[in-house]
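With the working numbering, letter number 367 in the sequence shown gets 371, and the count goes up by one each step, no holes. All C-beta atoms, glycine included, are put in the ideal place defined by N, C-alpha and C.
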Amino acid sequence: MERIGPYVLVQPIYRWGWADVSLAVEAPEGRPQRVVWWARLSPDLPWNDAGFVHRLQDLLDTFRRKIQDPILALPIRWDFTAESPFMVFEPISGKSLWEVLQAGRDQILPMSIDQALACTHQLLMALQTLHDLTFQGQPAFHGSLSPTQVFVTYEGQLRLVYGGILQALGEVGRIPASIRQALGSYLAPEQRDGLPGSQAADVYTASLLCLELLTNRPLEAPLADLAAWLMDQTVYLRTGEVVHLPEDLQMVFLQGLQADPHHRFQHISLLKEPLDEKAFSGEYEASTFHLAFYLNALFRDFPEREYRHYQSLLGQDYSALFAPPPPPPAEAPAVPSEPPPAPSSEEVVLYPQVMPSEERPRRGFPLLPVFIALVILAFGGGAIWLLQRRMVAPPPTVTPGPSPETVALRQQLEENQRRIAELQQVIQQLQATQSARPATGPAADAADVQMQELLKRVQELAKQNEELQRQLREKEKTTAPLPSPPRAAKEESPESWPAAESSPAPPSPPTVEKAPSVGAPTGSPSPANAGTKHEAPPSPASTTPVTALPPSPAAPSPPPAKVEPEPPPRAEPPPTPLPEFVLEVDLDVRIEPVSPCVSTDPRLNWIRNRYPGTHRVIGQIYLNESGQPLKVEILQAPVDILREIARDTWMNCRFRRPTRNGQPVKAVITRVMVFGQ
Numbered sequence: 005m006e007r008i009g010p011y012v013l014v015q016p017i018y019r020w021g022w023a024d025v026s027l028a029v030e031a032p033e034g035r036p037q038r039v040v041w042w043a044r045l046s047p048d049l050p051w052n053d054a055g056f057v058h059r060l061q062d063l064l065d066t067f068r069r070k071i072q073d074p075i076l077a078l079p080i081r082w083d084f085t086a087e088s089p090f091m092v093f094e095p096i097s098g099k100s101l102w103e104v105l106q107a108g109r110d111q112i113l114p115m116s117i118d119q120a121l122a123c124t125h126q127l128l129m130a131l132q133t134l135h136d137l138t139f140q141g142q143p144a145f146h147g148s149l150s151p152t153q154v155f156v157t158y159e160g161q162l163r164l165v166y167g168g169i170l171q172a173l174g175e176v177g178r179i180p181a182s183i184r185q186a187l188g189s190y191l192a193p194e195q196r197d198g199l200p201g202s203q204a205a206d207v208y209t210a211s212l213l214c215l216e217l218l219t220n221r222p223l224e225a226p227l228a229d230l231a232a233w234l235m236d237q238t239v240y241l242r243t244g245e246v247v248h249l250p251e252d253l254q255m256v257f258l259q260g261l262q263a264d265p266h267h268r269f270q271h272i273s274l275l276k277e278p279l280d281e282k283a284f285s286g287e288y289e290a291s292t293f294h295l296a297f298y299l300n301a302l303f304r305d306f307p308e309r310e311y312r313h314y315q316s317l318l319g320q321d322y323s324a325l326f327a328p329p330p331p332p333p334a335e336a337p338a339v340p341s342e343p344p345p346a347p348s349s350e351e352v353v354l355y356p357q358v359m360p361s362e363e364r365p366r367r368g369f370p371l372l373p374v375f376i377a378l379v380i381l382a383f384g385g386g387a388i389w390l391l392q393r394r395m396v397a398p399p400p401t402v403t404p405g406p407s408p409e410t411v412a413l414r415q416q417l418e419e420n421q422r423r424i425a426e427l428q429q430v431i432q433q434l435q436a437t438q439s440a441r442p443a444t445g446p447a448a449d450a451a452d453v454q455m456q457e458l459l460k461r462v463q464e465l466a467k468q469n470e471e472l473q474r475q476l477r478e479k480e481k482t483t484a485p486l487p488s489p490p491r492a493a494k495e496e497s498p499e500s501w502p503a504a505e506s507s508p509a510p511p512s513p514p515t516v517e518k519a520p521s522v523g524a525p526t527g528s529p530s531p532a533n534a535g536t537k538h539e540a541p542p543s544p545a546s547t548t549p550v551t552a553l554p555p556s557p558a559a560p561s562p563p564p565a566k567v568e569p570e571p572p573p574r575a576e577p578p579p580t581p582l583p584e585f586v587l588e589v590d591l592d593v594r595i596e597p598v599s600p601c602v603s604t605d606p607r608l609n610w611i612r613n614r615y616p617g618t619h620r621v622i623g624q625i626y627l628n629e630s631g632q633p634l635k636v637e638i639l640q641a642p643v644d645i646l647r648e649i650a651r652d653t654w655m656n657c658r659f660r661r662p663t664r665n666g667q668p669v670k671a672v673i674t675r676v677m678v679f680g681q
């Protein structure tokens with residue numbers, strides 16, 4: 005990270021030609037306050053010219069007072085006298101036009117002409133707001149339009165960045181070569197020669213940007229035959245169809261892209277009016293809603309990711325970057341050196357000495373760790389012995405198996421359920437065929453008769469299942485649990501003996517989970533629906549008396565204890581049954597949607613080009629009493645992506661209230677959604 009004044013530069017994000025933009029945190033004295041865009045201005049601009057710096061400051065101050073529309077993004081702070089001149093902008097919650105077009109090409113999801121016209125309307129409106137102003141008697145202009153300075157918010161609103169650099173250069177100034185090279189083909193021909201620009205130059209660059217939005221491809225270099233090139237350009241309709249650029253728009257761009265500035269439109273309104281007329285003619289849906297929907301399809305989780313990133317930047321500590329540098333170490337004072345000693349004339353006599361022998365110290369045996377280990381082992385062994393003495397193995401329980409009659413009932417119940425499922429599939433296929441190819445006359449009557457017979461057969465099998473389920477419950481009730489064997493005799497008082505011990509209840513019959521589907525009876529819950537209860541019915545309480553063991557002959561008999569009768573077992577409330585869904589055939593009228601269920605998913609354009617032809621998706625829709633879908637089950641879909649699109653479309657659709665005998669009920673209906681040309 006780099007610190008410049010109170011700003012901590014985190015990472016570079018954009019290049020605007022006249023400035024390099026970085027994501028930064030404003031953190032005076034290391035305390036973060038907000039996230040900003042910090043733009044380092046080009047060093048090739050004439051910063052040593054006091055007239056240029058004064059004009060630029062006066063321009064920004066004047067336009068910040070006059071422009072109140074947020075469609076123009078002006079800097080909130082600047083410093084042109086610093087070592088690196090800079091501007092500070094508020095972050096824009098969205099993506100640049102270059103990022104949007106590039107993401108559409110990468111994801112094979114190009115921008116349709118409806119969404120492109122919504123962008124051109126807002127872009128030309130921002131330029132018209134700027135062109136209506138004047139500065140020092142001269143008409144205002146942008147001069148450096150490029151796709152990286154036009155932003156589309158996640159709500160479908162456009163923002164145009166304006167720094168006023170080329171306007172402040174004046175008529176005598178020239179665009180530096182580095183800025184001309186960075187902006188490239190987005191400069192008008194006269195600007196490539198070094199002229200600062202004009203409103204006519206903005207018309208040329210705006211025509212380039214609008215044409216790139218409509219055709220989803222940039223014009224990289226000037227063309228010799230511009231008219232022939234415009235005739236070959238294509239646009240995408242919202243249905244996915246690719247058509248040529250409308251002829252009336254070809255004529256508009258042909259005049260807006262003239263190389264001679266005197267032959268172009270002299271005001272941006274002359275380019276804006278024909279494009280707005282096409283956008284709001286009723287043929288297209290040029291709205292910010294469709295533009296926001298398109299950005300959501302391209303950058304679905306980016307807003308949340310950007311928010312979390314900004315919060316993480318504001319939660320960091322930048323005090324280390326603002327700490328003053330440590331002072332240089334102080335030099336120690338020089339110490340004068342002592343003169344060398346004078347040579348001595350004395351004789352030194354060395355006597356031999358006997359060195360004492362070094363003995364290795366003796367290390368005693370570590371008794372403390374051994375003693376601690378023995379104590380731990382003793383306590384552990386005693387605890388294990390006590391636990392083994394107190395624990396008594398529970399008596400084995402004998403679980404009786406199901407009787408042959410119960411097994412037969414269950415097999416018959418499963419067979420009926422399988423046949424009901426097969427009949428439901430046949431009913432769904434007939435409904436899909438009738439929806440795809442509606443029949444009239446005798447053919448329709450025969451189909452209805454066949455459908456009624458199938459439904460009647462399903463109801464008969466459901467009634468048989470209900471009877472089998474009732475018989476199965478009676479068999480389970482008559483099966484009494486086996487008594488558990490008595491415990492071993494103990495010298496205990498009768499009060500301490502177990503009052504009532506019985507063997508566990510026999511296992512409940514296996515439950516079958518099955519979601520409600522078309523063809524299930526509606527009068528009473530079918531076995532398939534009954535199986536969805538996750539709790540088996542409570543088994544009857546054991547009535548086997550518990551016989552006390554006789555006392556030992558050696559011990560005196562204890563006095564008779566008063567045995568209070570056990571309270572009767574408390575009856576548990578039955579589990580709440582799941583809500584029932586009534587079939588459409590049993591409703592008063594056919595359920596129709598309040599408004600047509602039409603999908604506006606932008607991926608449909610790509611699907612129509614990738615999978616031509618007609619595709620049908622069949623689904624079951626579960627509705628509540630007010631007609632609101634609770635869930636959707638897709639029964640058949642030729643393409644996996646259509647399964648998701650159809651489910652989302654039905655879930656967002658609102659249907660009429662289902663009623664049976666005049667009372668609102670929950671219902672399940674089967675519908676077919678057709679996708680195609």
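Review point. Residues in its own chain within less than 6 Å of MET37 by CB, not counting five upstream and five downstream?
Key: Your numbering for residue 37 matches position 33 in the sequence shown. The sequence shown places Gln at residue 37, not Met. Counting only Cβ-Cβ distances below 6 Å, and skipping sequence neighbours, we find GLU30.
**Study point:** Distance CB(ARG658)-CB(VAL598) smaller than 7 Å
**Key:** Position 654 of the sequence shown, counting from 1, holds the residue named residue 658. Position 594 of the sequence shown, counting from 1, holds the residue named residue 598. Cβ atoms of ARG658 and VAL598: closer than 7 Å.
Exercise for review: Can you give me the Cβ contacts of LEU639 inside the same chain, cut-off strictly under 7 Å, excluding the 5 residues immediately before and after it?
Suggested key: For this step, residue 639 is matched to residue 635 along the sequence shown. Annotation for LEU639: GLN432, ILE622, GLY623 and GLN624 place their beta carbon closer than 7 Å to its own, counting only its chain and skipping 5 residues before and after.
Check your understanding: Skipping 5 residues on each side, what residues in its chain have a beta carbon closer than 7 Å to that of ALA671?
Key -> To locate residue 671, count along the sequence shown from 1; it is residue 667. If we look at ALA671 and ignore the five residues flanking it on each side, its Cβ neighbours are PHE585, VAL586, GLU588, LEU591, ILE595, LEU627 and PRO662.
Check your understanding: So, is ASP206 buried or exposed, given that buried needs 16 or more other C-beta atoms within 10 angstroms?
Key -> Within the sequence shown, residue 206 is the residue found at index 202, counting from 1. Buried.
Review point. Counting along the chain, where does the alpha helix (DSSP H) carrying ILE117 start and finish?
Key: Counting from 1 along the sequence shown, the entry for residue 117 is found at position 113. From DSSP, the alpha helix (DSSP H) with ILE117 extends over 117-135.
Check your understanding: Looking only at its own chain, which residues have a Cβ that is under 6 Å from the Cβ of ARG19, when we skip the five neighbours before and after it?
Key -> As a working note, residue 19 is residue 15 in the sequence shown. So the list is empty, once near-sequence residues are dropped.
**Study point:** Range covered by the beta strand (DSSP E) that runs through SER100
**Key:** By 1-based counting over the sequence shown, the position of residue 100 is 96. SER100 -> beta strand (DSSP E) spans 98-100.
Check your understanding: Run through DSSP, which three-state label would ILE424 get?
Key -> The sequence position of residue 424 within the sequence shown is 420, counting from 1. In the structure shown, ILE424 sits in a helix (DSSP, three-state: H, G or I).
Review point. So, does the CB of TRP51 fall closer than 7 Å to a CB anywhere in chain B?
Key: Within the model displayed, chain B is absent; a lone protein chain is all it includes.
Review point. Nearest CA to the CA of GLU480: which residue from GLN421, GLU418, LEU227 and THR410?
Key: For the purposes of this step, residue 480 is taken as residue 476 along the sequence shown, with counting starting at 1. When each option's Cα is compared against that of GLU480, the closest is THR410.
Check your understanding: Are VAL636 and TRP654 touching if we call contact CB-CB under 7 Å?
Key -> Position 632 of the sequence shown, counted from the first residue, corresponds to residue 636. Position 650 of the sequence shown, counted from the first residue, corresponds to residue 654. Against a cut-off of 7 Å, the Cβ pair of TRP654 and VAL636 comes out as a contact.
Point to revise | Coarse secondary structure for MET91, derived from DSSP in three states | key: As a first step, residue 91 must be located in the sequence shown, where it is residue number 87. If DSSP states are grouped into helix, strand and coil, MET91 belongs with the strands.
Review point. For SER407, is the classification buried or exposed, using 16 other Cβ atoms within 10 angstroms of its Cβ as the cut-off for buried?
Key: Along the sequence shown, read from residue 1 onward, the residue named residue 407 stands at position 403. By the 10 Å Cβ count, SER407 comes out exposed.
Practice item. Report the rounded CA-to-CA distance for ALA3 versus SER46, giving the unit in angstroms. Key: Nothing in the structure corresponds to residue 3, since the chain is present only between 5 and 681.
Practice item. Please name the residue, chosen from ILE169, GLU251 and MET91, that lies closest to LEU63 on a Cα-to-Cα basis. Key: What you label residue 63 is simply residue 59 of the sequence shown in a count that begins at 1. Answer by Cα proximity: ILE169.
Point to revise | DSSP-derived helix/strand/coil call for ILE595 | key: In the sequence shown, the residue the question calls residue 595 occupies position 591. Coil at ILE595, not helix or strand.
Review point. Any contact of the region 253-268 with the region 206-223, i.e. 3+ C-beta pairs under 8 Å?
Key: Taking one beta carbon from each stretch, the region 253-268 and the region 206-223 have 3 or more pairs nearer than 8 Å; the two touch.
**Study point:** Burial state of LEU234, where buried means 16 or more other Cβ atoms lie within 10 Å
**Key:** Reading the sequence shown from its first residue, position 230 is the one you call residue 234. Buried, since its Cβ has 16 or more Cβ neighbours within 10 Å.
Check your understanding: For the beta strand (DSSP E) that GLN15 lies in, which residues bound it at each end?
Key -> If you number the sequence shown from 1, residue 15 lands on position 11. Here the beta strand (DSSP E) through GLN15 covers 11-19.
Review point. Which whole-angstrom value describes the C-beta separation of ILE713 and THR133, a residue pair presumed to lie in contact below a C-beta threshold of 8 Å?
Key: This structure cannot settle anything about residue 713, because the visible part of the chain is limited to 5 through 681.
Review point. Helix, strand or coil: how does DSSP classify ASP24 here?
Key: On the sequence shown, residue 24 is found 20 positions in, with the first residue counted as 1. In the structure shown, ASP24 sits in a strand (DSSP, three-state: E or B).
Practice item. Measure the CB-CB distance between PRO307 and TYR158 and report whether it falls below 7 Å. Key: Position 303 of the sequence shown, counting from 1, holds the residue named residue 307. Position 154 of the sequence shown, counting from 1, holds the residue named residue 158. Yes, the Cβ-Cβ distance between PRO307 and TYR158 is below 7 Å.
**Study point:** Straight-line Cα distance separating VAL14 from LEU325
**Key:** By 1-based counting over the sequence shown, the position of residue 325 is 321. By 1-based counting over the sequence shown, the position of residue 14 is 10. Going by the C-alpha atoms only, they are around 12 Å apart.
Check your understanding: Roughly how many whole angstroms lie between the Cα atoms of PRO328 and PRO10?
Key -> The residue you call residue 328 lines up with position 324 of the sequence shown. The residue you call residue 10 lines up with position 6 of the sequence shown. Distance between the alpha carbons of PRO328 and PRO10 is about 14 Å.
Exercise for review: Answer with buried or exposed for PHE284, where buried requires no fewer than 16 other C-beta atoms within 10 angstroms of its C-beta.
Suggested key: Translated into the one-based positions of the sequence shown, residue 284 becomes position 280. Answer is exposed; the Cβ neighbour count stays below 16.
**Study point:** Same chain only: Cβ atoms within 8 Å of LEU417, ignoring 5 sequence neighbours per side
**Key:** Numbered from its first residue, the sequence shown carries residue 417 at position 413. Contacts found: ASN469, LEU472, GLN473, LEU476 and PRO531.
Practice item. Leaving aside the five residues before and after GLU648 along the sequence, list all residues of the same chain whose C-beta is less than 8 Å from its C-beta, in chain order. Key: Position 644 of the sequence shown, counted from the first residue, corresponds to residue 648. So the list is empty, once near-sequence residues are dropped.
Practice item. Could you check which residue in GLN203, ALA232 and HIS294 has the C-alpha nearest to that of VAL156? Key: Taking the first residue of the sequence shown as 1, we reach residue 156 at position 152. With distances taken between Cα atoms, VAL156 lies closest to HIS294.
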